[in-house]
Every structure is written in C-alpha cells, then in structure tokens.
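A.B. asks:
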Ligand SMILES: [Zn+2]
C-alpha cells in the first residue's frame with residue numbers, strides 16, 4: 002500500500018517546487034496504477050479508437066513535430082530554444098499549467114475526469130551534439146537523416162502526440178498526466194533534469210514515470226548505473242633529460258591504466274570499465290606536469306558497480322604509490338585528484354511490477370513484440386529511488402544515435418509508436 006499524504010502537506014511542498022501548478026493539481030495523492038488486465042478493454046473504447054485512428058491518419062503531424070524540433074539545436078546545457086518550442090506546442094495543444102522549471106525542464110499537466118494516479122510522460126530535450134552542428138533534416142521517402150532525429154526528437158513527438166489525442170478526443174482518463182521535456186539526459190548533463198524533478202517535492206505525487214527514448218517497441222526496465230571520474234596525476238614536471246629521476250605523472254597514469262585493463266568483472270550482472278579519454282604532456286622531451294584520464298564504470302547492479310568502483314580506487318592509489326616508490330630518492334611530489342564527472346544510479350523495475358505489465362499488455366494488445374532491456378536513461382533516477390519507472394521506444398526504425406549519421410525511418414507503420422505510447426499511458430492512468 003502506498004502512503005497517502007495530506008493535501009495540506011502536499012500543497013505547501015509542491016507549491017514551493019512548482020508555483021505554476023495550481024491548487025487543483027496539488028490535490029494529487031499517490032494512487033494505485035490501473036490494472037494491466039484492463040489494457041485490452043481500454044483499447045476498444047470509442048475515444049481511444051478515435052485517438053488511434055487520428056494518430057494513423059495524421060501521421061504527418063507527428064513527423065512534422067519530430068523534424069521541426071530536431072532542426073532547433075539543443076546542445077548539452079543549451080536546450081533553451083528547443084524547450085521554448087516544446088513549451089509553446091504544449092500550450093497550443095491546450096495542456097494546462099505549462100511552465101519551465103528552474104533547471105529548464107518543460108512541465109505541463111492534463112487533468113483527468115476523476116481522481117487517479119499521476120503519470121509523468123517525458124522525452125528529453127537535449128542532444129549530444131555541440132553548438133554549430135548542422136541539424137538540417139535530409140529526407141528520402143520515409144527516411145529522415147539528422148543528428149538527434151530520433152534521440153530524442155522521436156520521444157518528444159510521441160509525448161506531444163499523446164497530449165494532443167487525450168485532449169482533442171476528450172479521453173476520460175483518471176488521475177492526471179504530466180507531459181514533460183527534460184534537460185540534461187545525455188552524458189555531460191548527468192540526468193540533471195530528472196534529477197531536479199525527483200529531488201523536488203513533485204516526486205511525492207508521481208506514481209509512474211515514463212521516458213520515451215529510442216526506436217522500436219522495446220521497454221527499458223533495467224537502469225544501467227554509471228560512475229564516471231576524471232583522474233589527474235600531478236607533479237611539477239621538468240626536462241626529460243636534466244630533471245630525470247622524478248615521479249612522472251604520465252607514467253603513473255600508465256601504471257593505473259595497466260591495472261584497470263586487468264580488472265576482473267562479472268558478466269552476470271554485467272559490469273564494464275573503460276578509460277575513454279587520456280591527455281597530458283606538452284612535448285616529447287618534457288616530463289609532463291600531469292596525466293589525465295576519464296573513466297566510465299557501468300552496471301545494472303548497484304552492488305556490482307560499488308564493487309568495481311572499490312577495485313578502481315585501489316588501482317588508482319596503487320599506481321600512485323608504485324610511481325612514487327620507483328624514485329625513492331626524489332623529493333618531488335606526485336599527487337592524484339579524482340573528480341566525479343557523473344553518477345547515475347543502477348537498478349531495475351521488476352518485470353512483475355504493474356508498470357512493466359501494463360507496457361507488455363499494450364504490446365500484446367497491439368500485436369507488437371517488445372523485449373525488456375537495460376540502458377542508461379532518464380528513468381535511472383526514478384528506478385534508483387524505487388519509483389515505478391521505465392523508458393519505452395517511440396516506434397519506427399533508426400540507427401546511429403549520437404553520431405552525425407543518425408537516421409530515422411518511419412516505414413509504413415511508424416504511427417504505431419505513438420499509438421503504443423498512448424495506450425501504455427492510458428493503461429497506467431485507467432480509463433472508464
Ligand atoms: Zn536519448
């Protein structure tokens with residue numbers, strides 16, 4: 002059973018977090034999600050059938066949202082313009098209380114016809130591409146090519162489509178639907194958008210969190226956690242010949258990399274480690290004053306991630322000690338600094354949980370094949386907190402996310418993506 006919160010408590014806390022949401026919405030309390038057994042029936046309701054038909058008939062509208070949002074650059078930490086466009090579209094659709102929070106997330110609300118759960122449906126606004134990247138979409142038939150075309154403009158389009166259908170067809174769903182565009186999903190952003198949402202008191206009323214991100218019909222219920230560090234070995238440096246005999250930061254880093262390369266990790270649960278970036282040094286005949294590397298550790302298991310992290314920390318310090326010991330007569334210092342550049346919690350939403358069963362029931366109802374997978378997405382934060390959460394695909398096909406060659410193909414049945422997203426959302430909220 003969920004704990005019910007009093008309206009008064011919720012009013013104060015939510016009002017502080019999101020002043021734009023009005024008193025009506027603040028009455029929301031944690032509620033049970035609708036039953037997975039109800040999804041097939043929901044799909045037969047006249048308003049839902051009308052929504053499905055409209056999504057198929059108006060597929061060009063969905064694609065236009067996807068394409069036009071993609072052509073607004075949204076580099077990490079510079080999502081403002083795309084966010085404003087997304088906000089304006091939510092307002093135009095009739096979504097209520099649309100606002101941009103302090104972090105830059107765009108949040109709007111659609112209130113249902115009777116009390117029920119609160120479901121947050123989101124896509125992420127940011128791309129991985131730096132400023133100046135050409136984001137003009139090239140179209141050949143049903144295939145669209147541009148950086149960010151599906152990651153995550155497909156997700157944003159699916160969120161808009163869902164909002165549009167429930168409003169225009171007056172779908173009598175229960176509870177309330179929060180429609181959201183988040184900032185900072187990609188690497189450098191370190192999930193700062195959802196992190197802000199789930200550290201605000203808004204989280205107290207969220208019964209289920211869905212991020213739409215990716216192509217196809219898979220369901221990401223495993224949150225691959227990651228610990229990322231920038232490690233610097235630092236000394237005074239000097240001439241490679243005349244100052245020889247002192248600890249060498251790059252050599253220390255080399256010792257560390259050799260140890261990292263030999264780390265033993267389990268395959269079940271999967272654990273990975275990677276030194277992804279190395280730098281340091283100014284010339285071939287100088288002892289560098291620093292050796293710097295960036296390291297990524299990942300696992301779906303929080304315990305396994307903690308275990309590999311402990312091994313890494315030992316390896317980094319052992320390398321430092323060995324390089325110091327290599328030159329026992331040297332008075333020159335050698336130090337290490339370890340900066341955390343990303344932490345994403347690991348975890349898993351159980352396959353038997355209502356949220357996953359609703360998603361699978363929607364797939365079954367629509368005769369779609371969905372696999373359960375693990376990844377690092379906006380859902381990580383909620384999953385790490387034990388809030389029912391998942392990331393679902395937005396239909397279609399695609400390839401090359403995070404590369405300049407990214408493409409999306411809507412094929413002949415791309416519209417099934419937004420239909421599936423709508424059915425899952427309604428399945429969680431419940432419809433009479
Ligand atoms: Zn993404």
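In our numbering, the protein residues as written are 2 to 433.
Every residue gets a Cβ at the ideal spot worked out from N, C-alpha and C, and that includes glycine.
Every value quoted in this text rests on a predicted model; they were computed, and no experiment measured them.
1. Once the 5 residues before and after residue 287 are set aside, which same chain residues still bring their CB inside 8 Å of it?
2. Please tell me whether residue 413 and residue 212 are closer than 7 Å, where the distance is taken between their beta carbons.
3. Determine the direct distance from the alpha carbon of residue 342 to that of residue 331, and round the result to whole angstroms.
4. Can you have a look at residue 329 and say buried or exposed, based on whether 16 or more other CB atoms are within 10 angstroms of its CB?
5. Quick check on the DSSP output: what are the complete alpha helix (DSSP H) runs of length 4 or more inside the region 130-200, in order along the chain?
6. If you compare alpha carbons, which of 418, 349, 400 is closest to residue 368?
7. Nearest CA to the CA of residue 309: which residue from 338, 132, 272?
8. Look up residue 338 in the DSSP assignment and say whether it is helix, strand or coil.
9. Among the residues of its own chain, which have a CB less than 8 Å from the CB of residue 404, if the five just before and after it don't count?
10. Kindly indicate the opening and closing residues of the beta strand (DSSP E) around residue 388.
11. Take residue 430 and list the residues in its own chain whose beta-carbon comes closer than 7 Å to its own, dropping the five residues that flank it on each side.
12. Alpha carbon to alpha carbon, what distance is there between residue 89 and residue 200?
13. Check whether the Cβ of residue 127 lies closer than 6 Å to any heavy atom of ligand 1, and answer yes or no.
14. Where does the unbroken alpha helix (DSSP H) through residue 277 begin, and where does it stop?
15. For residue 163, which residues from the same chain have a beta carbon less than 8 Å from its beta carbon, with the 5 sequence-adjacent residues on both sides left out?
16. With a threshold of 8 Å on Cβ separation, who are the neighbours of residue 397 within its own chain once the five nearest residues in sequence on each side are excluded?
17. Is the closest heavy atom of ligand 1 to the C-beta of residue 153 under 6 Å?
18. With a threshold of 6 Å, establish whether the CB of residue 394 neighbours any heavy atom of ligand 1.
19. Specify the secondary structure class of residue 418 as computed by DSSP and reduced to three states.
20. Give the secondary structure of residue 440 by DSSP, where H, G and I count as helix, E and B as strand, and everything else as coil.
21. Could you give the DSSP three-state label for residue 62: helix, strand or coil?
C.D. replies: If we stick to the structure as given:
1. The sequence position of residue 287 within the chain shown is 286, counting from 1. Taken in chain order, the residues that qualify are 238, 239, 240, 241.
2. Mapped onto the chain shown, residue 413 falls at position 412. Mapped onto the chain shown, residue 212 falls at position 211. The answer is no: Cβ separation not under 7 Å.
3. Sequence index remark: in the chain shown, residue 331 carries index 330 (1-based). Sequence index remark: in the chain shown, residue 342 carries index 341 (1-based). About 32 Å.
4. To locate residue 329, count along the chain shown from 1; it is residue 328. Result: exposed.
5. 154-169, 193-198
6. As a first step, residue 368 is located in the chain shown; it is residue number 367 there, counting from the start. For residue 368, the nearest C-alpha among the options comes from 418.
7. Reading the chain shown from its first residue, position 308 is the one you call residue 309. Nearest C-alpha to residue 309: 272.
8. Reading the chain shown from its first residue, position 337 is the one you call residue 338. Three-state DSSP puts residue 338 in a strand.
9. Your numbering for residue 404 matches position 403 in the chain shown. So the qualifying residues of the chain are 148.
10. Here the question's residue 388 lines up with position 387 in the chain shown. From DSSP, residue 388 is part of no beta strand (DSSP E); its letter is neither H nor E.
11. Numbered from 1 along the chain shown, position 429 holds the residue referred to as residue 430. Around residue 430: 35, 113, 117, 118, 120, 174, 175, 176, 178.
12. The sequence position of residue 200 within the chain shown is 199, counting from 1. The sequence position of residue 89 within the chain shown is 88, counting from 1. The straight-line gap from Cα to Cα measures roughly 26 Å.
13. Taking the chain shown and counting its residues from 1, the one referred to as residue 127 is at position 126. Checking the Cβ of residue 127 against ligand 1 gives no.
14. Looking up residue 277 in the chain shown gives position 276. Segment 272-280 is the beta strand (DSSP E) holding residue 277; no alpha helix (DSSP H) there.
15. For the purposes of this step, residue 163 is identified with residue 162 of the chain shown, where counting begins at 1. So the list reads 122, 178, 180, 419, 422, 423, 426, once near-sequence residues are dropped.
16. Taking the chain shown and counting its residues from 1, the one referred to as residue 397 is at position 396. These residues qualify, in order along the chain: 151, 155, 216, 217, 409, 410, 411, 412, 415, 418.
17. Numbered from its first residue, the chain shown carries residue 153 at position 152. At least one heavy atom of ligand 1 is nearer than 6 Å to the Cβ of residue 153, so yes.
18. Start at 1 with the first residue of the chain shown, and residue 394 comes out as number 393. No.
19. The residue labelled residue 418 in the question sits at position 417 within the chain shown. Here residue 418 sits in helix by DSSP.
20. The first residue shown for the chain is 2 and the last is 433, placing residue 440 beyond what the model contains.
21. If you number the chain shown from 1, residue 62 lands on position 61. Helix, per DSSP.
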